[in-house]
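Student: What follows is a structure written as structure tokens; I'll ask about it next.
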Amino acid sequence: MGAEPHQLHVVLFPFQAHGHMIPALDIARLFAARNVKSTIITTPVNASTFTKAIETGRRVGNSYIDLEIFKFPAKEAGLPEGCENAEIAIKQEGLNQRFFLAVELLQEQLEQYLDRVRPDCLVADMFFPWATASSAKFNIPRLVFHGFSYFSICAQELIRAYEPFQNVSSDDETFSLPLIPHEIKLTRSQLSPELMGDKDHPMRKKMEMIKKSELESYGVIVNSFYELEPDYAEFCRKELGRKTWHVGPVSLCNRSIQEKAERGKEVSINESECLTWLDSKKPASVVYICFGSLVQFIAPQLHEIAVALESSGKNFIWVVRNGNNNGKNDEEWLPSGFEQRTEGRGLIIRGWAPQVLILEHEAIGAFVTHCGWNSILEGISAGVPMVTWPIFAEQFYNEKLVTDILKIGVSVGVKKWSRMPSVEDVIRREVIETVLREMTEGDVVEEMRQRAKQLKDKAWNAVAEGGSSYSDLSALINELRSYHTH
Ligand code: UDP
222 MGAEPHQLHV
232 VLFPFQAHGH
242 MIPALDIARL
252 FAARNVKSTI
262 ITTPVNASTF
272 TKAIETGRRV
282 GNSYIDLEIF
292 KFPAKEAGLP
302 EGCENAEIAI
312 KQEGLNQRFF
322 LAVELLQEQL
332 EQYLDRVRPD
342 CLVADMFFPW
352 ATASSAKFNI
362 PRLVFHGFSY
372 FSICAQELIR
382 AYEPFQNVSS
392 DDETFSLPLI
402 PHEIKLTRSQ
412 LSPELMGDKD
422 HPMRKKMEMI
432 KKSELESYGV
442 IVNSFYELEP
452 DYAEFCRKEL
462 GRKTWHVGPV
472 SLCNRSIQEK
482 AERGKEVSIN
492 ESECLTWLDS
502 KKPASVVYIC
512 FGSLVQFIAP
522 QLHEIAVALE
532 SSGKNFIWVV
542 RNGNNNGKND
552 EEWLPSGFEQ
562 RTEGRGLIIR
572 GWAPQVLILE
582 HEAIGAFVTH
592 CGWNSILEGI
602 SAGVPMVTWP
612 IFAEQFYNEK
622 LVTDILKIGV
632 SVGVKKWSRM
642 PSVEDVIRRE
652 VIETVLREMT
662 EGDVVEEMRQ
672 RAKQLKDKAW
682 NAVAEGGSSY
692 SDLSALINEL
702 RSYHTH
């Protein structure tokens, strides 16, 4: 009798923000479904993002994922107790920097864990550039996960390397991205100011460290699929020299209603009520509006959206994060009597929505999105055209992919990158109403819907057995096996 074959063990260490933790859980489930033992490292406050979904997986016997809890050094970094998620920290510049300091302090716990457990691979978030050196100490291959599209990996690298923004004389003048097969125009206002300013800025230095650690790591896991952006998958591999595996859309591993409703936080609406409401609407007649887990709009912007939704006469589901204290601050942003007047055709979800479940419903006709990459991929996987409303991070690149390359969306016309858009940045009601009409009536949206449906089919084919993402994951697992053997 031969010895039992070694079971691979992959450890995932996502950054403490929902846009990073949610896809990391899906990736862990993809590994687990291929008989690879998966462990997710998180911190006490963030553990609830994973526990329910892991229990459900265990109960139905389709995955076995372990959770490893690290203490989050909030106090040591000068943060209030319990401040363990970027969502809380991002609201204040001072907190944000301390949050990144706390994250750095996790290195020691990581090294102790790696020394003790000796997994076969560490998939660590881009925001932990030191993880490459930590895993090298124990000869463990480190993969980077940053949750970007191929296109935005390429765009960011080209902007960093060639600084095309130097060729224009004002913040609003457009410049083109060099070397790539599409004509993509951006302005300086749409880039993170840290990218262009002082070379000693802490965020710019951090981005340099991230890039260095990426090049020194074993490779990059990309939540995308080849058929979505083949030019940029090739560009990234051949021209930028990145070793990548695309395994997405990872959200498609959630098959049951329960799995889809348990992604991220506890939902603020009963999911069957939400589905019954959608069932009562005609196909492609409802606009879904959601700006992800981090964006927080000021009251005047929410007010403009409300007025546009009311005057458009369209059906809608609108997720409002500011309004999650049981409507106590409603009068700051919601026109009086709004919900009575839109009753039957509109639903406000205050807090957290079962996004994937909503997007997949045939009643959804368009998705107004902040262009977080998870949201975009979820929209594509559901075959829904989009209204793009980028705010910060790499969202302006994702917008270009949707509107200029894939041609499955229209832009609401945001001009300026900003973590907290201010009064001057408010998008007016007339503009919002125009795009709402454009995305629910006429031939243009119909053509976009056809293209979006084709991409949806390609996404499902990519993750099916033998598809491009399925095969890339197989290739990665085989490579990790042979790394272990040698
Ligand atoms: N999400 C959700 N319900 C909400 C808001 C967000 O399920 O009410 C999920 C969404 O489906 C996506 C993730 O949270 O998987 C947000 O990630 P994304 O990259 O779109 O944006 P971020 O929050 O990182 O800005």
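The end of the sequence shown is residue 707 by the working numbering, with every number in the run present. Note that CB positions come from ideal geometry on N, CA and C, so glycine has one too.
Which residues bound the beta strand (DSSP E) around LEU412?
Tutor: Taking the first residue of the sequence shown as 1, we reach residue 412 at position 191. Run containing LEU412: none; DSSP gives neither H nor E here.
Student: Report the residue from GLY534, ILE401 and PRO265 whose alpha carbon sits nearest the alpha carbon of THR661.
Tutor: Taking the sequence shown and counting its residues from 1, one reaches residue 661 at position 440. When each option's Cα is compared against that of THR661, the closest is GLY534.
Student: Can you give me the Cβ contacts of GLU325 inside the same chain, cut-off strictly under 8 Å, excluding the 5 residues immediately before and after it?
Tutor: By one-based count along the sequence shown, residue 325 stands at place 104. Here the set comprises TRP351.
Student: Can you list, in chain order, the residues of its chain with a C-beta nearer than 8 Å to that of LYS292? Leave out the 5 residues immediately preceding and following it.
Tutor: Numbered from 1 along the sequence shown, position 71 holds the residue referred to as residue 292. These residues qualify, in order along the chain: THR264, PRO265 and GLN330.
Student: Going by C-alpha distance, which of SER356, GLU620, ILE579 and PHE617 is nearest SER602?
Tutor: The sequence position of residue 602 within the sequence shown is 381, counting from 1. If we check each option's Cα against that of SER602, ILE579 comes out closest.
Student: Helix, strand or coil: which one does DSSP assign to ASN536?
Tutor: The sequence position of residue 536 within the sequence shown is 315, counting from 1. ASN536 falls in the strand class under three-state DSSP.
Student: Have a look at SER557, VAL623, ILE478 and GLN517 and flag the residue whose alpha-carbon is nearest the alpha-carbon of GLN576.
Tutor: By 1-based counting over the sequence shown, the position of residue 576 is 355. Of SER557, VAL623, ILE478 and GLN517, the residue nearest in Cα terms is ILE478.
Student: Assuming LYS312 and GLN517 form a contact by the criterion Cβ under 8 Å, report the distance between their Cβ atoms to the nearest whole angstrom.
Tutor: Position 91 of the sequence shown, counting from 1, holds the residue named residue 312. Position 296 of the sequence shown, counting from 1, holds the residue named residue 517. The pair is a contact, with the Cβ atoms about 7 Å apart (cut-off 8 Å).
Student: In three-state DSSP terms, what is GLU305?
Tutor: Looking up residue 305 in the sequence shown gives position 84. Reduced to three states, the DSSP call for GLU305 is coil.
Student: Only counting the same chain, and skipping five residues up and downstream in sequence, which positions put a Cβ closer than 7 Å to that of TYR371?
Tutor: As a first step, residue 371 must be located in the sequence shown, where it is residue number 150. Result list for TYR371: VAL443, SER445, GLU450, TYR453, ALA454 and CYS457, in chain order.
Student: How about CYS304 and LEU316: do their beta carbons lie closer than 9 Å?
Tutor: Numbered from its first residue, the sequence shown carries residue 304 at position 83. Numbered from its first residue, the sequence shown carries residue 316 at position 95. Cβ distance < 9 Å, so CYS304 and LEU316 count as in contact.
Student: Leaving aside the five residues before and after MET669 along the sequence, list all residues of the same chain whose C-beta is less than 6 Å from its C-beta, in chain order.
Tutor: In the sequence shown, the residue the question calls residue 669 occupies position 448. Same-chain partners within the cutoff: PRO606 and ILE629.
Student: Return the chain-ordered list of same chain residues with a C-beta closer than 7 Å to the C-beta of ALA520, the five sequence neighbours on each side being excluded.
Tutor: To locate residue 520, count along the sequence shown from 1; it is residue 299. These residues qualify, in order along the chain: GLU553 and TRP554.
Student: Is ASN595 a contact residue of ligand 1, with contact defined as CB to any heavy atom under 8 Å?
Tutor: For the purposes of this step, residue 595 is taken as the residue at position 374 of the sequence shown. At least one heavy atom of ligand 1 is nearer than 8 Å to the Cβ of ASN595, so yes.
Student: Mapping DSSP to helix, strand and coil, what is TRP498?
Tutor: As a first step, residue 498 is located in the sequence shown; it is residue number 277 there, counting from the start. It is helical.
Student: So does the region 382-393 actually touch the region 359-373, counting three or more Cβ pairs closer than 8 Å?
Tutor: Short answer: they don't touch.
Student: Would you say GLU465 touches ligand 1, meaning its beta carbon is less than 8 Å from a heavy atom?
Tutor: To locate residue 465, count along the sequence shown from 1; it is residue 244. A quick correction: the sequence has Thr, not Glu, at residue 465. Not under cutoff, so the answer is no.
Student: With a threshold of 8 Å, establish whether the CB of CYS304 neighbours any heavy atom of ligand 1.
Tutor: Position 83 of the sequence shown holds residue 304. False, no ligand heavy atom lies under 8 Å from that Cβ.
Student: Quick check on VAL684: does DSSP put it in helix, strand or coil?
Tutor: Numbered from its first residue, the sequence shown carries residue 684 at position 463. Helix at VAL684.
Student: Taking only three categories from DSSP, how would you classify ILE405?
Tutor: Taking the first residue of the sequence shown as position 1, residue 405 is located at position 184. In this structure, ILE405 counts as coil in the three-state DSSP scheme.
Student: Name the residue from PHE234, VAL232, ILE243 and GLN228 whose alpha carbon lies nearest to the alpha carbon of TRP594.
Tutor: By one-based count along the sequence shown, residue 594 stands at place 373. Checking every option, the nearest Cα to that of TRP594 belongs to ILE243.
Student: Kindly identify the DSSP beta-bridge partner or partners of SER397.
Tutor: For the purposes of this step, residue 397 is identified with residue 176 of the sequence shown, where counting begins at 1. SER397 pairs with LYS406.
Student: Count the other C-beta atoms from every protein chain shown that fall within 10 angstroms of the C-beta of LYS433, then say buried if there are 16 or more, exposed otherwise.
Tutor: As a working mapping, residue 433 is identified with position 212 in the sequence shown. Its Cβ having fewer than 16 others within 10 Å, LYS433 is exposed.
Student: Looking at VAL666: is its Cβ nearer than 9 Å to the Cβ of ALA574?
Tutor: Your numbering for residue 666 matches position 445 in the sequence shown. Your numbering for residue 574 matches position 353 in the sequence shown. Going by C-beta atoms, VAL666 is not nearer than 9 Å to ALA574.
Student: Output the distance between the C-alpha atoms of ALA482 and SER269, rounded to the nearest integer angstrom.
Tutor: Numbered from its first residue, the sequence shown carries residue 482 at position 261. Numbered from its first residue, the sequence shown carries residue 269 at position 48. Whole-angstrom Cα-Cα distance: 14 Å.
Student: Classify VAL644: buried if its beta carbon has 16 or more other beta carbons within 10 angstroms, exposed otherwise.
Tutor: As a first step, residue 644 must be located in the sequence shown, where it is residue number 423. Its Cβ having fewer than 16 others within 10 Å, VAL644 is exposed.
Student: In angstroms with no decimal places, state the Cα-to-Cα distance between ARG649 and VAL540.
Tutor: Here residue 649 is taken as the residue at index 428 of the sequence shown, counted from 1. Here residue 540 is taken as the residue at index 319 of the sequence shown, counted from 1. Taking the straight line joining both Cα atoms gives about 19 Å.
Student: Assign ILE262 to one of three DSSP states: helix, strand, or coil.
Tutor: Sequence index remark: in the sequence shown, residue 262 carries index 41 (1-based). Three-state DSSP puts ILE262 in a strand.
Student: Given that a residue counts as buried once 16 or more other Cβ atoms are within 10 Å of its Cβ, and exposed if not, what is ASN256?
Tutor: Against the sequence shown, residue 256 aligns to sequence position 35. By the neighbour-count rule (16 or more Cβ atoms within 10 Å), ASN256 is not buried but exposed.
Student: Quick one: grab the DSSP three-state call for ALA520.
Tutor: Indexing the sequence shown from 1 puts residue 520 at position 299. Of the three classes helix, strand and coil, the one that applies to ALA520 here is helix, per DSSP.
Student: Taking the continuous alpha helix (DSSP H) assigned at ILE248, which residues delimit it?
Tutor: As a first step, residue 248 is located in the sequence shown; it is residue number 27 there, counting from the start. Where ILE248 is concerned, the enclosing alpha helix (DSSP H) stretches over 239-254.
Student: Can you tell me whether DSSP reads MET641 as helix, strand or coil?
Tutor: One-based indexing of the sequence shown puts residue 641 at position 420. Note: MET641 maps to coil in three-state DSSP.
Student: Return the CA-CA distance between LEU251 and GLN561, expressed in angstroms with no decimal places.
Tutor: As a working mapping, residue 251 is identified with position 30 in the sequence shown. As a working mapping, residue 561 is identified with position 340 in the sequence shown. Each residue's Cα considered, the two are about 44 Å apart.
Student: Based on the DSSP output, what are the partners of ILE590 in its beta bridges?
Tutor: Taking the first residue of the sequence shown as position 1, residue 590 is located at position 369. In the sequence as presented, Ile is not what sits at residue 590; that position holds Thr. According to DSSP, THR590 bridges with CYS511 and THR609.
Student: Would you mind reading off the limits of the alpha helix (DSSP H) that contains ARG381?
Tutor: Working through the sequence shown from its first residue, we reach residue 381 at position 160. ARG381 -> alpha helix (DSSP H) spans 371-383.
Student: Taking three-plus beta-carbon pairs below 8 Å as touching, is the region 226-242 in contact with the region 335-350?
Tutor: At 8 Å Cβ cutoff, the stretches touch.
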